[in-house]
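*Asks:* Quick note, the sequence shown lines up with residues 733 to 1035 if you use this note's numbering.
Can you read through this structure? Questions will come right after.
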Amino acid sequence: MLAKLKKRPYIFFLIPGLIVYTALVVYPIISAMQLSLFRWNGIGEKVFVGFNNYKALFTDDYLMKQFANALINSIKLFLLTTLIQTPLQIIMAYMIYANMKGHRFTHIAIFAPQIISTPIIVFIFRILLDSNVGVVNNLLELAGLGNLARPWLGIPELGVAFMYLMITWGGFGIGMTFFLGAMNMVSKDGLEAAYIECAGFWQRLFLVILPQIKITVINLVLVGYIYSMTMFDFSYILGGNTGGIDGSIDVMALFFYRIAFGDSNPVGGKISENSVGMGTTIACVLFLLIFVIALLQIFLINR
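If you want it as structure tokens, here you go:
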């Protein structure tokens, strides 16, 4: 046994990390799966109920309505990120990679909001969109378009859109920087060959660069999906633990928090007495939603 280990010395370096990963990641996941099979509020006696918590999640009208609403909002955020933000990040990264005029300042300016905390970002957008003193409404008044002024943050239909704008403004630069790093590792020979063949500026992006950074694109799309499913701070700060007006900005992580730790609504005894059991059930469902997409990512990369 020792002889085999000596032939593979890297195992000694893997073991400490594996122990830490098992203790901090694997064990909590298994423990949560176990707790999801019990009816428990975190204090009293645990009662084994099997898969009844999962059944209740998908059949109880109160829970299912919140679950569906939170899931839809999370998916909306993911689609907005994938269809709008990711392409724009690639384009901006390419323009900086091509050393456009002022590319250094542009890179710094786009990345700068990344260092601003979430509460400050929300505060900035509240100043912009406030119905009384907001910059947007004041500009509309000055332009003679006061009839278009609205309590923007109080319109439920626009809740996800404004939350997406805040997330994008605060985090656009980090994805762009990853794409820029991937582009810097692209073979120069291919670009020179494309240039000799008279490929245009954008043709070189789509025909040479994008195929070579495909893995980075797939990875960042997955990161965007995971973030959309686990994002909590923007939704909580903007709308509290109820997810805003009629749950307009409710998301999966906030739904879990509300069920597991309680909210200000009179939900009756059925859920509050099973807060930990139902909360871990929601966490396990969320884990499965992410795990399946992660497996799909591995398949696409290794195809």
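Every residue, glycine too, gets a C-beta built ideally from N, C-alpha and C.
All of these numbers come straight from a predicted model, not from anything done at the bench.
Three or more C-beta pairs closer than 8 Å, one from the region 957-964 and one from the region 775-787: is that the case here?
*Replies:* As far as the Cβ criterion goes, the region 957-964 does not touch the region 775-787, which means the pair count is below three.
*Asks:* Taking the alpha-carbon of Gly1011 as reference, which of Leu986, Val1024, Trp934 and Lys797 has the nearest alpha-carbon?
*Replies:* Of Leu986, Val1024, Trp934 and Lys797, the residue nearest in Cα terms is Leu986.
*Asks:* So, under 8 Å CB-CB, Gly902 and Gln846 are touching, yes? Tell me the CB distance rounded to an integer number of Å.
*Replies:* Right, their Cβ atoms sit about 7 Å apart.
*Asks:* Roughly how many angstroms lie between the CA atoms of His835 and Leu877, to the nearest whole one?
*Replies:* Those two C-alpha atoms are separated by around 36 Å.
*Asks:* DSSP puts Val779 in a beta bridge; with which residues?
*Replies:* Note: Val779 sits in a beta bridge opposite Arg771.
*Asks:* By how many angstroms is the C-alpha of Trp934 removed from the C-alpha of Glu1005?
*Replies:* Rounded to the nearest angstrom, the two C-alpha atoms are 59 Å apart.
*Asks:* My understanding is that Ala1026 touches Leu952, with C-beta atoms under 8 Å, so please give their C-beta distance in whole angstroms.
*Replies:* Their Cβ separation, rounded to whole angstroms, is 13 Å, which puts Ala1026 and Leu952 out of contact at 8 Å.
*Asks:* Is Gly891 helix, strand or coil when you go by DSSP?
*Replies:* Three-state DSSP puts Gly891 in a helix.
*Asks:* Let's test the definition: count the other Cβ atoms within 10 Å of the Cβ of Ser1007 and tell me whether it reaches 16, buried, or not, exposed.
*Replies:* Per the 10 Å Cβ criterion, buried.
*Asks:* Grab the span of the alpha helix (DSSP H) containing Glu929 for me, first residue to last.
*Replies:* It is not in any alpha helix (DSSP H) - Glu929 carries neither H nor E in the DSSP assignment.
*Asks:* When DSSP labels each residue in this structure, what does Glu873 get in the three-state scheme?
*Replies:* Glu873: helix per DSSP, three-state reduction.
*Asks:* Round the Cβ separation of Arg858 and Leu815 to the nearest angstrom and send it over; I've been treating them as touching at under 8 Å.
*Replies:* That belief does not hold up - the Cβ atoms of Arg858 and Leu815 are roughly 27 Å apart, past 8 Å.
*Asks:* Tell me the DSSP secondary structure of Asn1034 in three-state form.
*Replies:* Reduced to three states, the DSSP call for Asn1034 is helix.
*Asks:* In this structure, does DSSP put Met832 in helix, strand or coil?
*Replies:* Correct three-state label for Met832: coil.
*Asks:* Count the other C-beta atoms from every protein chain shown that fall within 10 angstroms of the C-beta of Arg740, then say buried if there are 16 or more, exposed otherwise.
*Replies:* Exposed: under 16 other Cβ atoms inside 10 Å.
*Asks:* Report buried or exposed for Leu769, applying the criterion of at least 16 other Cβ atoms within 10 angstroms of its Cβ.
*Replies:* Result: buried.
*Asks:* Could you spell out where the alpha helix (DSSP H) holding Asp965 opens and where it closes?
*Replies:* Unbroken alpha helix (DSSP H) run through Asp965: Asp965 to Gly971.
*Asks:* Three-state secondary structure (DSSP) at Asn879?
*Replies:* Note: Asn879 maps to helix in three-state DSSP.
*Asks:* Whose C-beta lies closer than 7 Å to the C-beta of Leu970 among residues of the same chain, with five residues either side of it excluded?
*Replies:* Answer for Leu970: Val854, Met895, Gly976 and Ile981, listed in chain order.
*Asks:* Output the distance between the C-alpha atoms of Met908 and Leu897, rounded to the nearest integer angstrom.
*Replies:* The alpha-carbon atoms of Met908 and Leu897 are separated by roughly 16 Å.
*Asks:* Drop a sphere of 10 angstroms on the beta-carbon of Val867, count the other beta-carbons inside from all chains shown, and report buried for 16 or more, exposed for fewer.
*Replies:* Label assigned to Val867: exposed.
*Asks:* Residues in the same chain with beta-carbon distance under 8 Å from Ala926, minus the five sequence neighbours each way, listed in chain order, please.
*Replies:* Closer than 8 Å at the Cβ level, and outside the excluded window around Ala926, lie Gln935, Arg936, Leu939 and Val940.
*Asks:* Compute the beta-carbon to beta-carbon distance between Asn805 and Val983, rounded to the nearest angstrom, for a pair I have assumed lies under 8 Å.
*Replies:* Yes, Asn805 and Val983 are in contact; Cβ-Cβ is about 5 Å, under 8 Å.
*Asks:* Please state if the CB of Val1017 and the CB of Leu809 are separated by a distance shorter than 8 Å.
*Replies:* No; because the gap between Cβ atoms is not below 8 Å, this pair is not in contact.
*Asks:* Compute the beta-carbon to beta-carbon distance between Leu890 and Leu880, rounded to the nearest angstrom, for a pair I have assumed lies under 8 Å.
*Replies:* Not really, about 13 Å apart at Cβ, beyond 8 Å.
*Asks:* With 16 other CB atoms within 10 Å as the buried threshold, where does Met824 fall?
*Replies:* So Met824 counts as buried.
*Asks:* At a cut-off of 7 Å, would you count Met917 as near the ligand ZN, judging by its Cβ distance to the nearest heavy atom?
*Replies:* Judged by which ligands are present, the structure shown has none, so any question about the ligand ZN falls away.
*Asks:* What separation, rounded to the nearest whole angstrom, lies between the Cα atoms of Leu861 and Val752?
*Replies:* Whole-angstrom Cα-Cα distance: 45 Å.
*Asks:* Identify whether Asp862 lies in helix, strand or coil by the three-state DSSP scheme.
*Replies:* Three-state result, Asp862: coil.
*Asks:* Between Ile958 and the rest of its own chain, which residues show a CB-CB distance below 6 Å, the 5 nearest in sequence each way excluded?
*Replies:* These residues qualify, in order along the chain: Ile1022.
*Asks:* Within the same chain, show all residues whose beta-carbon is closer than 6 Å to that of Arg990, passing over the 5 residues directly before and after it, in chain order.
*Replies:* Result list for Arg990: Asn973, in chain order.
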